[in-house]
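Data first, discussion second: the structure below is written as structure tokens.
2 protein chains.
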Amino acid sequence: MSTQEANDVLERLCNLQRMEARAFGLRYGLQPVQMEALTYLTQCNRYSNTPQAVAEYLGLTKGTVSQSLKVLEQKGFLRKQADKQDKRIVRLAPTMKGSNLVKKALLARSLEPALAMMDSMKIAELTSMFRSILRKMQKINGRKAFGACHTCRFNEDHQKNGYVCGLTREPLSVQDVQLICREHQYPQ
Amino acid sequence: MSTQEANDVLERLCNLQRMEARAFGLRYGLQPVQMEALTYLTQCNRYSNTPQAVAEYLGLTKGTVSQSLKVLEQKGFLRKQADKQDKRIVRLAPTMKGSNLVKKALLARSLEPALAMMDSMKIAELTSMFRSILRKMQKINGRKAFGACHTCRFNEDHQKNGYVCGLTREPLSVQDVQLICREHQYPQ
DNA sequence: TCATTTAGTTTCGACTCAATACTAATTTTA
DNA sequence: TAAAATTAGTATTGAGTCGAAACTAAATGA
Chain C
-9 MSTQEANDVL
1 ERLCNLQRME
11 ARAFGLRYGL
21 QPVQMEALTY
31 LTQCNRYSNT
41 PQAVAEYLGL
51 TKGTVSQSLK
61 VLEQKGFLRK
71 QADKQDKRIV
81 RLAPTMKGSN
91 LVKKALLARS
101 LEPALAMMDS
111 MKIAELTSMF
121 RSILRKMQKI
131 NGRKAFGACH
141 TCRFNEDHQK
151 NGYVCGLTRE
161 PLSVQDVQLI
171 CREHQYPQ
Chain Y
-9 MSTQEANDVL
1 ERLCNLQRME
11 ARAFGLRYGL
21 QPVQMEALTY
31 LTQCNRYSNT
41 PQAVAEYLGL
51 TKGTVSQSLK
61 VLEQKGFLRK
71 QADKQDKRIV
81 RLAPTMKGSN
91 LVKKALLARS
101 LEPALAMMDS
111 MKIAELTSMF
121 RSILRKMQKI
131 NGRKAFGACH
141 TCRFNEDHQK
151 NGYVCGLTRE
161 PLSVQDVQLI
171 CREHQYPQ
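Chains as they are written, first to last, in my numbering: chain C, -9 to 178; chain Y, -9 to 178.
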């Protein structure tokens, strides 16, 4: 039974990632969940940098996340700012200190270095398989995908004129379409 | 930058797994870490069914794990038994109730169903890539591998005479070599 | 205009976790 | 072979996570 095998290996990989993340965060006085939130905030786009989005991404309640964010702010890893249009909304942005920490953490977790040692063809293949699995999982359990815009069915490539989000009709830059969006949906 | 992409997708997949596991456990009055310990115990071999091994597998201290195991025993999901040879060692075995719960949880986490929808060739490829990544990560961070015997460099295939563990020199059955071992090391 | 919804915070009780100190069995070594 | 060191596991404690519920404030809507 091959799926059992794949399942086990993947589970072990996730465990290792969690272990390394825990060990790393501890050295900098951060809890695993705080590292995860901070990592997400360095990768998400401007529609997705709110406490609510973090809560959805991590699968926690907003009350719980609110506390973690408070700690991150107090320790100077991120800044909160009220939205100009809608004053209920809080925008979250990692500070320099915050983004630097995330960069270091990525290396420490040793998945990135391990991937760097692999053939780039293989990685592309792996990524596309991951996407296919995520798409299926999403269909089965109905959770949000939280993928990058350039893999989203709402993203429109207007060639020389850049990109446009089909949901908000806003133009997106080359950098924008690499970021994670909470409204993300895979094509098909 | 392709490794970044693969990294993000894998991270999201791990997050989803954790979310589903949390939601499932909650319905049965179990914490995520307790589900993980119980899952491990349904998959590990007879060298690896101790509190210490569980702690190593999950990357937690033995004191912490001791408490989780106490809860699992009290709720009737596993049985403890002192080892015959070495009376310090406690052997852990899931009860019927325990293994049934794990089976249900695997389905609920929706990775297994998603994998089942994939081409079996693809899954085999995916599995081998995962192993290659795990091997590299292990080399980088020096953690134990916790793989199944049949992928272990100590496992000897004696053809018609079955298998033998090169570490303990004990014979292993066809079922045995599918189980996770704490002494596991990938070849090469 | 008043009710409802939405975004976020605060508080509280149950629980996890690491650190520490402990017991008991085994192994080492002197 | 007796004392010391090591190993497996448990108990306790304090810091911190988590979800639930109650809350505030802003936006929506009927």
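Heads up, the beta-carbon is just placed ideally off N, CA and C, and yes, glycines get one too. These numbers come from a predicted model, not from an experiment.
Starting from the Cα of residue i, find the closest Cα among the options and give me that residue.
i             : options                    : result
residue 152/C : 163/C, 144/C, 7/C          : 163/C
residue 168/Y : 28/Y, 120/Y, 136/Y         : 136/Y
residue 131/Y : 19/C, 100/C, 50/C, 20/C    : 100/C
residue 140/Y : 81/Y, 129/Y, 111/Y, 165/Y  : 165/Y
residue 33/C  : 112/C, 76/C, 4/C, 82/C     : 82/C
residue 77/Y  : 112/Y, 103/Y, 40/Y         : 40/Y
residue 98/C  : 0/C, 14/C, 178/C           : 14/C
residue 182/Y : 53/Y, 110/Y, 61/Y          : The requested residue 182/Y is not part of the displayed model; chain Y covers only -9 to 178.
residue 183/C : 155/C, 154/C, 125/C, 116/C : Coverage of chain C is limited to positions -9 through 178, which leaves residue 183/C absent and any answer about it impossible.
residue 155/Y : 20/Y, -7/Y, 35/Y, 4/Y      : 35/Y
residue 19/Y  : 88/Y, 159/Y, 54/Y          : 88/Y
residue 129/C : 54/C, 178/C, 22/C, 21/C    : 178/C
residue 174/Y : 145/Y, 22/Y, 54/Y, 45/Y    : 145/Y
Are residue i and residue j closer than 8 Å when you measure CB to CB?
i             : j             : result
residue 56/Y  : residue 24/Y  : no
residue 68/Y  : residue 31/Y  : yes
residue 105/C : residue 114/Y : no
residue 48/C  : residue 72/C  : no
residue 95/Y  : residue 11/Y  : yes
residue 123/Y : residue 38/Y  : no
residue 2/Y   : residue 9/C   : no
residue 143/Y : residue 43/Y  : no
residue 0/Y   : residue 120/C : yes
residue 80/Y  : residue 65/Y  : no
Report buried or exposed for residue i, applying the criterion of at least 16 other Cβ atoms within 10 angstroms of its Cβ.
i             : result
residue 86/C  : exposed
residue -2/C  : buried
residue 127/C : buried
residue 107/Y : exposed
residue 16/Y  : exposed
residue 208/C : Only positions -9 to 178 of chain C appear in this structure, which leaves residue 208/C out of reach.
residue 117/C : buried
residue 29/Y  : buried
residue -7/Y  : buried
(message) Please identify, using Cβ separations under 7 Å, the residues of the segment 20 to 33 of chain Y that lie next to chain C, in order along the chain.
(response) Result list: 33.
(message) Give me the subset of the segment 75 to 104 of chain Y whose CB atoms are less than 9 Å from a CB atom of chain C, sorted by chain position.
(response) 96, 98, 99, 100, 101, 102, 103, 104
(message) Under 9 Å, CB to CB, which of the residues in the segment -4 to 18 of chain Y have a partner in chain C?
(response) Cβ contacts with chain C: -4, -3, -2, -1, 0, 1, 2, 3, 4, 5, 6, 7, 8, 9, 10, 12, 13.
(request) For the segment 40 to 62 of chain Y, enumerate the residues whose C-beta is nearer than 8 Å to any C-beta of chain C, in chain order. (result) Residues 47, 48, 49.
(message) Tell me which residues of the segment 117 to 132 of chain C have at least one Cβ-Cβ distance to chain Y shorter than 9 Å, keeping chain order.
(response) 117, 119, 120, 121, 122, 123, 124, 125, 126, 127, 128, 129, 130, 131
(message) I'd like the ranges of any beta strand (DSSP E) spanning at least 3 consecutive residues and lying wholly in the segment 39 to 120 of chain Y.
(response) 68 to 72, 80 to 84
(request) Return the chain-ordered ranges of every beta strand (DSSP E) run that is complete within the segment 111 to 178 of chain C and spans a minimum of 3 residues. (result) 145 to 147, 153 to 155
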